[in-house]
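*Asks:* Pasting a structure below so you can have a look.
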Amino acid sequence: VLSHIEYGEADRILKLFTLEKGKISAIAKGVRKIRSRKAGHLEPFTHVNLFLAKGRNLDIITQAEMVDSFPGLRADLERLAYASYVMEVLDRFTYEEGQNIGIFRLLANTLSRLEKQSNTETVVHYFELRLLDLLGFRPQLFE
(Lines of atoms letter the chains of each structure in order from A and count residues from 1; the text may use other names and numbers.)
(Lines give C-alpha, C1' and ligand atoms only; values in the text may rest on other atoms or scores of the structure.)
Protein backbone atom coordinates (compact mmCIF):
# COMPACT_ATOMS: atom_id res chain seq x y z
CA VAL A 1 0.00 0.00 0.00
CA LEU A 2 1.62 3.23 -1.18
CA SER A 3 -0.96 5.70 0.11
CA HIS A 4 -4.67 6.27 0.67
CA ILE A 5 -7.27 9.02 0.66
CA GLU A 6 -10.57 9.10 2.49
CA TYR A 7 -13.61 8.75 0.26
CA GLY A 8 -17.19 9.22 1.33
CA GLU A 9 -18.51 8.18 4.72
CA ALA A 10 -16.58 4.93 5.31
CA ASP A 11 -14.53 4.17 2.19
CA ARG A 12 -10.91 4.69 1.27
CA ILE A 13 -9.20 4.87 -2.13
CA LEU A 14 -5.82 3.16 -2.01
CA LYS A 15 -2.84 3.53 -4.27
CA LEU A 16 -1.18 0.12 -4.50
CA PHE A 17 1.93 -1.30 -6.12
CA THR A 18 1.14 -4.86 -7.15
CA LEU A 19 3.17 -7.74 -8.51
CA GLU A 20 0.81 -8.42 -11.44
CA LYS A 21 -0.33 -4.93 -12.51
CA GLY A 22 2.21 -2.49 -11.10
CA LYS A 23 0.71 0.70 -9.67
CA ILE A 24 -3.08 0.71 -9.45
CA SER A 25 -5.83 2.47 -7.53
CA ALA A 26 -8.56 0.50 -5.78
CA ILE A 27 -11.39 1.26 -3.40
CA ALA A 28 -11.88 -0.41 -0.02
CA LYS A 29 -15.55 -0.10 0.87
CA GLY A 30 -16.46 0.27 4.54
CA VAL A 31 -12.84 0.11 5.67
CA ARG A 32 -13.20 3.13 7.98
CA LYS A 33 -16.02 1.54 9.96
CA ILE A 34 -15.09 0.45 13.47
CA ARG A 35 -15.92 -3.21 12.83
CA SER A 36 -14.11 -3.47 9.49
CA ARG A 37 -11.90 -6.56 9.27
CA LYS A 38 -9.81 -5.05 6.46
CA ALA A 39 -8.90 -1.79 8.22
CA GLY A 40 -5.59 -2.81 9.80
CA HIS A 41 -4.41 -4.56 6.65
CA LEU A 42 -4.78 -1.55 4.36
CA GLU A 43 -2.44 1.00 5.90
CA PRO A 44 0.57 2.55 4.12
CA PHE A 45 3.80 0.53 4.31
CA THR A 46 1.98 -2.80 4.48
CA HIS A 47 2.58 -5.79 2.23
CA VAL A 48 -0.76 -7.54 1.66
CA ASN A 49 -2.33 -10.18 -0.53
CA LEU A 50 -5.52 -8.76 -2.03
CA PHE A 51 -8.53 -10.09 -3.86
CA LEU A 52 -9.91 -7.51 -6.28
CA ALA A 53 -13.23 -7.35 -8.09
CA LYS A 54 -13.49 -5.34 -11.29
CA GLY A 55 -15.48 -2.16 -10.72
CA ARG A 56 -16.69 0.45 -13.20
CA ASN A 57 -13.96 2.99 -12.50
CA LEU A 58 -11.87 1.42 -9.74
CA ASP A 59 -11.14 -2.14 -8.70
CA ILE A 60 -12.87 -3.08 -5.44
CA ILE A 61 -10.91 -4.74 -2.64
CA THR A 62 -12.97 -7.69 -1.46
CA GLN A 63 -10.44 -9.41 0.79
CA ALA A 64 -7.07 -8.53 2.33
CA GLU A 65 -4.50 -10.73 4.02
CA MET A 66 -1.43 -9.25 5.75
CA VAL A 67 1.97 -10.51 4.60
CA ASP A 68 4.15 -7.99 6.49
CA SER A 69 3.28 -4.80 8.35
CA PHE A 70 6.89 -3.61 8.86
CA PRO A 71 6.27 -2.54 12.49
CA GLY A 72 9.85 -1.28 12.87
CA LEU A 73 9.12 1.51 10.40
CA ARG A 74 6.32 2.93 12.54
CA ALA A 75 8.35 2.71 15.76
CA ASP A 76 11.12 5.07 14.58
CA LEU A 77 10.42 8.54 13.16
CA GLU A 78 13.53 8.57 10.95
CA ARG A 79 12.67 5.18 9.42
CA LEU A 80 9.07 6.30 8.91
CA ALA A 81 10.24 9.46 7.13
CA TYR A 82 12.55 7.48 4.83
CA ALA A 83 9.78 4.96 4.09
CA SER A 84 7.41 7.83 3.23
CA TYR A 85 10.05 9.28 0.92
CA VAL A 86 10.52 5.90 -0.81
CA MET A 87 6.76 5.59 -1.38
CA GLU A 88 6.52 9.15 -2.74
CA VAL A 89 9.44 8.64 -5.14
CA LEU A 90 7.99 5.35 -6.36
CA ASP A 91 4.57 6.94 -6.85
CA ARG A 92 5.98 9.84 -8.88
CA PHE A 93 8.32 7.77 -11.05
CA THR A 94 5.85 5.04 -12.04
CA TYR A 95 2.62 5.08 -14.00
CA GLU A 96 -0.68 3.24 -13.57
CA GLU A 97 -0.84 -0.40 -14.63
CA GLY A 98 2.77 -0.72 -15.70
CA GLN A 99 3.80 -4.15 -14.42
CA ASN A 100 7.38 -4.34 -13.18
CA ILE A 101 8.31 -7.29 -11.00
CA GLY A 102 11.80 -5.86 -10.39
CA ILE A 103 10.36 -2.66 -8.91
CA PHE A 104 7.94 -4.65 -6.75
CA ARG A 105 10.81 -6.70 -5.32
CA LEU A 106 12.95 -3.58 -4.88
CA LEU A 107 10.16 -1.92 -2.87
CA ALA A 108 9.62 -4.98 -0.64
CA ASN A 109 13.37 -5.37 -0.03
CA THR A 110 13.83 -1.66 0.65
CA LEU A 111 11.06 -1.57 3.26
CA SER A 112 12.50 -4.67 4.92
CA ARG A 113 16.00 -3.18 4.99
CA LEU A 114 14.75 0.19 6.25
CA GLU A 115 13.08 -1.64 9.11
CA LYS A 116 16.11 -3.74 10.10
CA GLN A 117 19.37 -2.06 9.05
CA SER A 118 21.02 0.76 10.96
CA ASN A 119 22.31 2.78 7.97
CA THR A 120 18.95 3.88 6.56
CA GLU A 121 20.40 6.63 4.38
CA THR A 122 22.47 4.11 2.41
CA VAL A 123 19.39 1.93 1.93
CA VAL A 124 17.48 4.89 0.47
CA HIS A 125 20.33 5.87 -1.87
CA TYR A 126 20.53 2.29 -3.11
CA PHE A 127 16.76 2.37 -3.72
CA GLU A 128 17.04 5.61 -5.72
CA LEU A 129 19.84 4.32 -7.95
CA ARG A 130 18.25 0.90 -8.46
CA LEU A 131 14.85 2.45 -9.27
CA LEU A 132 16.42 4.73 -11.89
CA ASP A 133 18.21 1.70 -13.34
CA LEU A 134 15.00 -0.37 -13.51
CA LEU A 135 13.18 2.52 -15.20
CA GLY A 136 15.92 2.91 -17.82
CA PHE A 137 17.55 6.06 -16.44
CA ARG A 138 20.79 4.56 -15.13
CA PRO A 139 23.15 7.40 -14.20
CA GLN A 140 26.69 7.26 -15.61
CA LEU A 141 28.74 7.44 -12.41
CA PHE A 142 32.19 6.64 -13.80
CA GLU A 143 33.89 7.28 -17.13
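If you use our numbering, the sequence shown closes out at 1087, no skipped numbers anywhere. All residues carry an ideal CB built from backbone N, CA and C; glycine is no exception. Quantities reported herein were computed from a predicted structural model and do not represent experimental measurements.
1. If we count Cβ pairs, one from each stretch, closer than 8 Å, do we get three or more for the segment 987-997 versus the segment 1011-1025?
2. Check whether the segment 1012-1032 touches the segment 994-1001, taking contact to mean three or more Cβ pairs, one atom from each stretch, closer than 8 Å.
3. Measure the beta-carbon distance from His948 to Leu958 and round it to whole angstroms, keeping in mind my assumption that it falls under 8 Å.
4. Report yes if the CB atom of Phe961 is closer than 8 Å to the CB atom of Leu1034, and no otherwise.
5. So, is Arg981 buried or exposed, given that buried needs 16 or more other C-beta atoms within 10 angstroms?
6. Can you tell me whether DSSP reads Tyr1039 as helix, strand or coil?
7. Please report how far the alpha carbon of Asn1063 lies from the alpha carbon of Leu1021, in whole angstroms.
8. Considering only residues of the same chain and omitting the five flanking positions on each side of Thr1006, which have a CB-CB separation below 6 Å?
*Replies:* The structure says:
1. yes
2. no
3. 5 Å
4. yes
5. With fewer than 16 Cβ atoms within 10 Å of its Cβ, Arg981 is classed as exposed.
6. Secondary structure at Tyr1039: coil, using DSSP grouped into helix, strand and coil.
7. Those two C-alpha atoms are separated by around 14 Å.
8. Phe995, Ala997
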